[in-house]
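Please read the structure below before turning to the comments.
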Amino acid sequence: MATQVLDPRIYSDFSQLVRLQSQAHSFSFLPKMNAGTALAGRHNSRFRGRGLNFEELRHYQLGDDIRNLDWKVTIRTGKPHVRMYTEEKDRNVLVAVDQRSGMFFSSTSVMKSVVAAEIAALTGWRVLKDNDRVGFSFVTPERIVHHKAQRSQNDLLRELRHVARYNQDLNVGSKNISTVHFSDWLKSIAQLKLKAATIVIISDWHDTSEQDIKRLQHLQQHNDVLSILVSDPMEQSLPDHTAKSRWVIGDGQYQLSLDSQSKVSAANESLLSQSNLKRDQLVKIMAMNKMPLIELDTQGDHIKQFKRSIGGMA
């Protein structure tokens, strides 16, 4: 039986996700970032990377490093106390990939779902290259699935098969069930109770609510959260010829006929307003931890865009 050839603009193929291993260079999630990138600027990168974890506060003992003296506790108690640390051996990274029906869209070159899948694979390869653990969280039209962070190529290959399968399950008839709202997904990630992890969320953030923004802020208290916004140009502005073409747009339940320039202008105003509001909310919440909002589009240069934004050479 002949193997079906998939259009790479519409669907992600497992073999292509594997080949992205060769692109996992010239950028890193570790703290030292190139100057002039989204993760540099006036502040050091907030990515924790490997370091020291606080373990306990105890009385000073002969031989302890005096540099670890906790002067506040020492002065308060009148007895010398030291802060003890253990070395952080590795880092857990959770790659959260949105593969719901709304991601199966593009007005240019590549589906948003393909952009998300390829960035997820590239991130996985980079994390593995750094000898850290990588896990995945998937949201699809029918389910939310979390897979524990592992550090082996075989585990990553298994995850990439999941990425490809969920991506290829999408089609024009895909419809989300009520329990896969962005809020449900983010809540389930919060319930994992991750600490000192890096959480990379790849989505169009279409149905993000105010409560989600607050929950995202809570996640940032104990983790590094990197938000990646995948958008299509048409989600911000409809083409000039829309009125002449008498387009009819819908969301699966309701339809709107754009048969006049006034309707198109009103639609564009609404689209731009919603897009800017979503972006401003994410920029603001990311700025609290001095993290960037990484924006990717569907025009086919998402790998270069991502590497450039994360601090690499595209």
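In terms of my numbering, the sequence shown has 242 at position 246, counting the first letter as 1, and numbering is strictly consecutive. Idealized CB from N, CA, C, for every residue including glycine.
For residue i, the residue or residues it bridges with in DSSP
i      : result
Gly131 : Leu90
Arg79  : Leu53
Ile140 : Val135
Thr70  : Answer is none; Thr70 lacks a bridge partner.
Leu291 : The sequence as given places Glu at residue 291; Leu does not occur at that position. Its beta-bridge partners are Leu225.
Leu65  : Val78
Val196 : Val91 and Leu222
Gln213 : In the DSSP output, where bridge partners are listed per residue, Gln213 has none listed.
Gln146 : Val130
Close beta carbons around residue i, own chain, < 7 Å, minus the five adjacent residues each side
i      : result
Gln12  : Pro4
Tyr162 : Gln95, Phe134 and Thr136
Gly296 : Ser105 and Val106
Ile209 : Gln277 and Ile281
Ser97  : Pro137, Leu166, Ser170, Lys171 and Asn172
Pro229 : Ser103, Thr104 and Asp293
Ser205 : Ser179
Residues near residue i by beta carbon distance below 6 Å, same chain, minus five either side
i      : result
Leu2   : Asp9
Val123 : Val89 and Val130
Ala310 : Bear in mind that a pLDDT of 49 at Ala310, under 50, signals an unreliable position, so the number given afterwards is only what the model happens to contain. For Ala310, where only same-chain residues beyond five positions count, the Cβ hits under 6 Å are Lys300, Lys303 and Arg304.
Ser199 : Asp94
Leu182 : Asp208 and Arg211
Pro52  : Checking the sequence, you will find Glu at residue 52 rather than Pro. The answer, listed in chain order, is Met80.
Ile311 : Residue coverage of the chain in this structure runs from -3 to 310, which leaves residue 311 outside it and unanswerable.
Lys125 : Ala20
Residue burial classification, residue i (beta-carbon count within 10 angstroms, cutoff 16)
i      : result
Asp276 : exposed
Leu156 : buried
Trp67  : exposed
Gln95  : buried
Met107 : buried
Gly120 : buried
Arg129 : buried
Asn219 : buried
Met282 : buried
Lys144 : exposed
Asp293 : buried
Ser24  : buried
His298 : buried
Asp236 : exposed
Leu35  : Because Leu35 carries a pLDDT of 44, less than 50, the predicted location of this residue cannot be relied on, and the following value inherits that uncertainty. With 16 or more other Cβ atoms within 10 Å, it is buried.
Gly307 : buried
Leu234 : buried
Ala112 : buried
Cβ-Cβ distance between residue i and residue j below 8 Å
i      : j      : result
Gln232 : Leu254 : no
Asn88  : Leu215 : no
Trp201 : Lys286 : no
Ile290 : Leu212 : no
Ser184 : His142 : yes
Val176 : Ile195 : no
Ser278 : Ser241 : The displayed chain sequence assigns Leu, not Ser, to residue 278. Result no, Cβ atoms of Leu278 and Ser241 do not sit closer than 8 Å.
Leu118 : Leu16  : yes
Gln217 : Tyr7   : no
Chain-order list of residues whose beta-carbon lies under 8 Å from that of residue i (same chain, five-residue window excluded)
i      : result
Pro76  : His55, Tyr56, Leu65 and Thr70
Phe100 : Met107, Lys108, Ser109, Leu166, Asn167, Val168 and Ser170
Ser271 : Ser227, Glu231 and Gln232
Chain C within 8 Å of residue i, Cβ atoms only
i      : result
Val141 : Of the protein chains in this structure there is only one, and it is not chain C.
Residue i CB to nearest heavy atom of the ligand ADP below 7 Å
i      : result
Leu254 : With respect to the ligand ADP, the structure shown offers nothing to examine, as it has no ligands at all.
### Any 3 or more C-beta pairs closer than 8 Å across the region 131 to 140 and the region 62 to 78
no
### Task
Report yes or no: do the region 145 to 154 and the region 166 to 178 share at least 3 C-beta pairs separated by less than 8 Å?
no
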